[in-house]
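Undergrad: Under the UniProt record's numbering, the first residue of the sequence shown is numbered 1, with each subsequent residue one higher.
Virtual Cβ for every residue (Gly too), placed ideally from N, Cα, C.
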Amino acid sequence: MSQSDKRRNWSYEEDVALLIQVAADQPFAATKGQLTKSWQLLAETLMQSDNFTRVVGLRKVKNRFSLLVDEHMEFNSESAKLSGVDEEHREKHILLDDIVTLLEDLKRGPGAKSKPGPDGKSKPNTDAKPASTASDKDKADQGGLIIREMAMQTMKRRADVTTEGGEQKEKTV
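(1) So what does DSSP say about residue 34, is it helix, strand or coil?
(2) So, under 8 Å CB-CB, residue 58 and residue 36 are touching, yes? Tell me the CB distance rounded to an integer number of Å.
(3) In angstroms with no decimal places, state the Cα-to-Cα distance between residue 47 and residue 14.
(4) Compute the beta-carbon to beta-carbon distance between residue 52 and residue 29, rounded to the nearest angstrom, for a pair I have assumed lies under 8 Å.
(5) What would DSSP say about residue 45, mapped onto helix, strand or coil?
(6) Give every residue of the same chain whose Cβ lies closer than 7 Å to the Cβ of residue 21, excluding the five residues on either side of it in the sequence, and list them in chain order.
(7) What does the alpha-carbon distance come out to for the pair residue 9 and residue 60?
(8) Starting from residue 55 and walking both ways along the alpha helix (DSSP H), at which residues does that stretch end?
(9) Taking the straight line between their C-alpha atoms, what separation do you get for residue 177 and residue 65?
(10) Would residue 73 pass as a contact of residue 55 if the rule is Cβ separation under 8 Å?
(11) Using the Cα positions of residue 149 and residue 143, report the straight-line distance between them to the nearest angstrom.
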């Protein structure tokens, strides 16, 4: 069995090479008909690289990238729970942070962009105002009026019941 046919784990260097190439090519941002071609082109580019010794195809590259992103998302959620703990940021994590930000921007839509925060990391754009129309405001006001009316009716019923000498007596109308 040749070395290319043997099953072996991805090394840290291979992951970094993959992430650098993904960040450069951004195959996940390709148009609907060009998605497969862009991942295949990425796999071919990686195999031509001197730093990348693995034989891969589009499926292997795409699956490994998805796995790395999923692991990074889980890592981020776990590290968010550990407040005050200084964590080591390696090149792989920095690349994944940038790529995850790009993926989130694509999910939000073509007009949404991230802007850097005070610490230099990108944060979602919060300048966009929520889309609320006059009908949404009217519905909210109407709902508030209904709740207020129901509360007033409940208070009237309570006012009709009076307490005299520790006994409750209902007023007759």
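TA: Reading off the structure:
(1) Helix, per DSSP.
(2) 7 Å
(3) Distance between the alpha carbons of residue 47 and residue 14: 11 Å.
(4) Contact between residue 52 and residue 29 fails: their C-beta atoms lie close to 22 Å from each other, not under 8 Å.
(5) Shown here, residue 45 sits in a helix according to DSSP, grouped into three states.
(6) 42, 45 and 46
(7) 12 Å
(8) Careful: residue 55 lies outside any alpha helix (DSSP H) and carries neither H nor E.
(9) Lying outside 1 to 173, the shown extent of the chain, residue 177 is not represented and no answer is given.
(10) no
(11) 10 Å
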